[in-house]
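Q: Line order of the protein sequences matches chains A and B.
Quick note on my numbering: the first sequence kicks off at 409 and runs consecutively.
Quick note on my numbering: the second sequence kicks off at 484 and runs consecutively.
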Amino acid sequence: MRYHVRHLTQYRYDDEVEACFNRAYLIPRETAGQQVCSSSISATPEIQHLATHRDCFGNNSTSIELEAGGTQVAILSECEVETSETTAELPHIPIAEVARLAIPALNPVEFAEFTLPSPQIALTGGLRAFAASAMDEQTPLPQALSTLLARIKQTFAYRRGVTGVGTTLDEVLSAAAGVCQDFAHLAVGCLRALGLPSRYVSGYIETSPPPGRAKLRGADATHAWASVWTPAGWVDLDPTNEQFADSRYITLAWGRDFGDVSPLRGVVLTESSTSQLHVEVDVTAV
Amino acid sequence: MSLALDSPSWLAEAYAAHPDLAPFDELLAAPAMAKVGEYLAGATLADLRMAVAETRNLVADDGIVFGAADRHQERPWRLDPLPVVIGDWRALQHGLAQRARLLQAVFDDLYGERALLASGAIPPELVLGNPAFRRFVERPRKLLLAAFDLGRDEAGNWRVHANRCETPAGMGYAMANRRVVSQVLAGLHRQTDLRRLRGFFHTSAAALLDSGAGETPRVVILTPGTHSDSAFDQGFLATLLGFALAEADDLVTKRGRVWLRGEGRLEPVEVVLRRVADGLADPLEFPDDSEIGVPGLAEAERTGAVTVANPIGAGILDSPDLPALLPALSRELLGEELLLPSAAGPLALSSVPVVTAEGLEPRRFLLRVFGVATADGWHFLPGGLGCVAERSADRQVTRMSMLSKDVWVLPDPAEAEAEVLPSAPRPLQLSAAGPVTPITPRVAGTLMAIGRFAERAQAKARLIRVADDVASDHGAHPGTAGHGGMLVLLGALAALTGYPSPGPDPAAVTAYLHRAALDAGAGSMRYDITRLLANSQQVRDLMSSDAWSIFGRMQRHLATAGPDTELAALMEALLESLLAWSGIMAESMVRDSSWAFLDAGARLERARHTLTLLRHTHSAAAAHGDAVAEFTAERVLQVCESIITHRRRVIAGLGSPLAAVSELALLLEDPSNPRSLAFQLRELAEDLDLAADAELAGRARTLDTARGASAELDGWLDSRLADLGDIERAIGERHFSRQSARQVTEAR
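1. Suppose the cutoff is 6 Å on Cβ atoms and the five residues either side in sequence are ignored; what does the same chain contact list for residue 1033/B look like?
2. Would you mind stating whether residue 616/B and residue 610/B have Cβ atoms separated by less than 7 Å?
3. Only counting runs of 3 or more residues, tell me where the beta strand (DSSP E) segments fall wholly within the stretch 593-644 of chain B, in order along the chain.
4. Using a Cβ-Cβ cut-off of 6 Å (strictly less than) and excluding sequence neighbours within five positions of residue 1001/B, which residues of its own chain qualify?
5. Taking only beta-carbon atoms, is residue 426/A less than 7 Å away from chain B?
6. Which term fits residue 1158/B, buried or exposed, when burial requires 16 or more other beta carbons within 10 angstroms of its beta carbon?
7. What span of residues does the beta strand (DSSP E) with residue 635/A cover, start to end?
8. What are the residues in the stretch 465-494 of chain A lying within 9 Å of chain E by C-beta distance?
9. Would a check of beta-carbon distances place residue 905/B closer than 7 Å to chain A?
10. Rounded C-beta distance between residue 507/A and residue 604/A? I'm assuming under 8 Å.
11. Would you mind stating whether residue 410/A and residue 643/A have Cβ atoms separated by less than 7 Å?
12. Taking the Cβ atom as the reference point for each residue, do residue 1232/B and residue 886/B lie within a distance shorter than 7 Å?
13. Per DSSP, which residues does residue 418/A bridge with? Please list them.
14. Within 10 angstroms of the Cβ of residue 503/A, are there 16 or more other Cβ atoms? Answer buried if so, exposed if not.
15. Identify every residue that forms a DSSP beta bridge with residue 446/A.
16. With H, G and I counted as helix, E and B as strand and the rest as coil, what does DSSP make of residue 471/A?
17. What does a CB cutoff of less than 6 Å around residue 688/A pick up in its chain, not counting 5 residues either side in sequence?
18. Tell me whether the beta-carbon of residue 523/B lies closer than 7 Å to the beta-carbon of residue 497/B.
19. Using alpha carbons as the reference points, say which of 653/A, 524/A, 536/A lies closest to residue 633/A.
20. Kindly provide the ranges of any beta strand (DSSP E) runs that are 3 or more residues long and lie completely inside the stretch 665-708 of chain B, ordered along the chain.
21. In the DSSP assignment, the beta strand (DSSP E) including residue 1121/B goes from what residue to what residue?
22. Can residue 1272/B and residue 808/B be called in contact, C-beta distance under 7 Å?
23. Whole angstroms is fine: what's the gap from residue 792/B's alpha carbon to residue 731/B's?
24. Determine whether the Cβ of residue 766/B lies closer than 7 Å to any Cβ atom of chain A.
25. In chain B, what lies closer than 7 Å to residue 670/A by C-beta?
26. Can you look up residue 598/A in the DSSP assignment and give me helix, strand or coil?
27. Mind checking the stretch 425-444 of chain A against chain B and listing, in chain order, the residues whose C-beta falls within less than 9 Å of any C-beta there?
28. So what does residue 428/A bridge to, in DSSP terms?
29. Determine the DSSP secondary structure at residue 1232/B, reduced to helix, strand or coil.
30. Would you tell me roughly how many angstroms separate the C-alpha atoms of residue 1030/B and residue 725/B, rounded to the nearest one?
31. Take residue 681/A and list the residues in its own chain whose beta-carbon comes closer than 8 Å to its own, dropping the five residues that flank it on each side.
32. For residue 642/A, which three-state DSSP category applies?
33. For residue 679/A, return the contacting residues in chain B, with the cut-off set at a CB-CB distance below 8 Å.
34. Run through DSSP, which three-state label would residue 854/B get?
35. Using a C-beta to C-beta distance shorter than 8 Å, which residues of chain A count as neighbours of residue 611/B?
36. Step through the CB atoms of chain A and report whether any lies within less than 7 Å of the CB of residue 896/B.
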């Protein structure tokens, strides 16, 4: 599939913006199933300085500095990507076996990065208990993954506003609710708890409007899911929608957790006492 | 070997028999301590106590403090007068330099290839699972500084207790200790051929300049300021290195580079010597709520637009997991055996003698050493910051700030020649080579506050002195002109301090004057002096070192003052110090914008003080009749140092013989009287010209100082006070503007 993505992030303040510095993970990376045809970032006020480099996970990390002035910051990222279905035949072997195979298969640095706990994915007793409710070391891989997806879907309600950037996994577990980033963290945590290298993926998904209704402009959102190493390669699974990722998924970046690949983090210098955030995402098939 | 044991002195003998001696005691076992042993053999307890007292005084005179000022934890630095002398420096230095080289090699790998992780030479989880590992950059960066905490094991071998590479702290304290101890034990210091510390700071300054891009790189020292426990260390280091001290507000990143804000322009910064921890250095890269980092600094470092010393991420080298791996890493990376290993478990630590009220007692000793990387290798400060445990029974040194020691290093005859060449300062036009550093808005504001508080303290001291004099002469005689004048003067003091006037009871008046002078609250003279000191600490690098001994004297006067203190004598002493301070500033500061803001603060304050004094005395006294008016006006002239001028003019037949008439002419309009409003405005205008603000200078010049005969005095004085307030506000808006508050934004 070929998609055009328009992703607008807007902050409104009640006072002048004196300076604005940003770290963005908004330029999609190339993957086995994804080719990036074009990408661009523009902003209001004007961009004063922009530099993109490849970070330690191979993502496009962009530093964006904006001119001073105005009471609004708007950063618009647009890209066009070509995605393809990558089907992996999951071997019917127990999880413990997958974990063993991962060690020689991966570079030790990569293995450690994606099996160790990370700042936002602490492997707590609560998380381990939840993981154990879905699978154990002897569970065959395909069954383990689908049970994990199902368990998350059954246990957690999708609700905005319950969790935020600083919410811990234990808090998500006790709230039994959250959004896609929380569910991705949960899935990654459960997989790591069983010794499987697993990473957090940030990106977009093409959504369909409710039957009989036209798709609304800006109605899509950023999305997040998990990716796990298997003998058949890295497999992406989406606990929010209880499915494996397919060609409707557009990958921006991956890391240990949200903190490594937050789509847009900024420091704004302003005397404003309020800030209003507005995000619009449109994923359009072209 | 142990001279102290052979000595007849009971001090040394009692020390040698102390139950808390470590297996290795520096005094008893280290030959290098022989000279100190000799000194102790001939010293009495009284001598040692005197040395302690003198040390305390000199610490106060140099303004050496520890503790975060913004949390009111600031206290005098603690230093024991007896130095620790180290003789086995040469071997130690080789070991230190090797360790620094090794850490550089490890650092390059961790933030580069990560081959050591891939091979398992360093288990990956020790680094990747450590929050001190900062993933924002992958390129080799130079460690410019290193610090290590050393202690001896039971056999007396030096071992590394901890690496301190993230933000090596304490060099300034080490130098400050040396300056104090070399004065307290001047005889011992003169007789001992010991290595000097100065050269190391020259070498460090040169190394930092060399690390920056361009012909004349600008180096700044990024300090957390009053948030930091060791703000003194940073300020003094800035003085020693000759670089400007900068807080986060002084720096800004723009177009991917780091700049110093100042005097309406931005000046590029090539090197940042930071005393802000890794995780606080850049709120964009490492989320935190503090305001002590610079957004964009990490990106500028990543691209190489700025050199950060030490590089952000160096904290990983201080990880307690690393030391056990260093012997193997040394073989692998350097092909050398590790000369100076880390302690495997808790170190036994050596003991050193510390002077107490009873005599000498042994305390466990930790030594922090400092190194700098130069083109020809690592150089270490021949000395260091010695730290001892809180009590003799303590087996570990838990805090570096409890009680410190000066550390002397004896020259190594074998190395004497070799040493001269590399660590001798390179032809130093350091300050000449470095670009001119603008005065940043924060520093400008601080300088103006210093000028203002110094003048305010002086003005209050004069008024309190005169009021005290009047009260003791006339306080007991209600109904006299003197008594009436006293009440008027107390009313003016109330207006200036904010403490409501006490009424006529003589005991209440005395208590009131004490309060106005010595109360801890805002409004008192003590408060003004406290603010003067606190603000001076923040711009330590711009102050003449002589200023600190004056501040030390003032603090001693204030510390010993109580309800029974004779106010007249105290005011006299404090005024003397304040005048000496003004003199030093006037004679030592270059007439650039730093002087301009300092002086502008003083001029504005003096003008305001004179206007306020007249506003609350002239009409109030006149209402009580001519006698009170005349008495009060004479005292006001006295407060404003203009009474002699008045009398001389009367004798010469110039001006009115009435003080109540003359005070207005002398204190408002007379351009030749250095206490008049006209004089202050003229000087203020010159200050503003110096600060390149012609517009405000023009406003100051055109302010009205001549009151028309018809104008009602109090209303006129009020409008002039309002004018001064306007100018001061305008100066603040135009020259002291801080950066806006930071908001971290993040969408999911």
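The C-beta atom is built at its ideal place from N, Cα and C for all residues, glycine as well.
It should be emphasised that the depicted structure is a prediction, and the values quoted were computed from it without experimental measurement.
A: In this structure, then:
1. 1060, 1063, 1064
2. With a cutoff of 7 Å on beta-carbon distance, residue 616/B and residue 610/B are scored as near each other.
3. 628-635
4. 1009, 1044
5. yes
6. The residue in question, residue 1158/B, is buried, as its Cβ has 16 or more Cβ neighbours within 10 Å.
7. 630-638
8. The structure shown contains no chain E; its protein chains are A and B.
9. Here the model assigns residue 905/B a pLDDT of 41, short of 50, so the residue's position is not dependable, and the following value carries that caveat. Taking Cβ atoms only, chain A never reaches closer than 7 Å to residue 905/B, which makes this a no.
10. Cβ atoms of residue 507/A and residue 604/A come within 8 Å of each other, at about 6 Å.
11. no
12. What is shown of chain B runs 484 to 1231, which leaves residue 1232/B out entirely.
13. Beta-bridge pairing links residue 418/A to 482/A, 686/A.
14. buried
15. Answer is 488/A, bridged to residue 446/A.
16. strand
17. 416, 626
18. no
19. Of the candidates 653/A, 524/A, 536/A, 653/A places its Cα closest to the Cα of residue 633/A.
20. 702-705
21. Unbroken run through residue 1121/B is the alpha helix (DSSP H), 1109-1122; no beta strand (DSSP E).
22. Nothing about residue 1272/B can be read from this structure; chain B reaches only from 484 to 1231.
23. Roughly 16 Å separates the two Cα atoms.
24. yes
25. 1229
26. helix
27. 425, 426, 427, 428, 429, 430, 431
28. 474/A, 676/A
29. The first residue shown for chain B is 484 and the last is 1231, placing residue 1232/B beyond what the model contains.
30. 18 Å
31. 422, 423
32. strand
33. Simply 1223, 1224.
34. strand
35. From the beta-carbon of residue 611/B, the residues of chain A found nearer than 8 Å are 517, 520, 521, 524.
36. no
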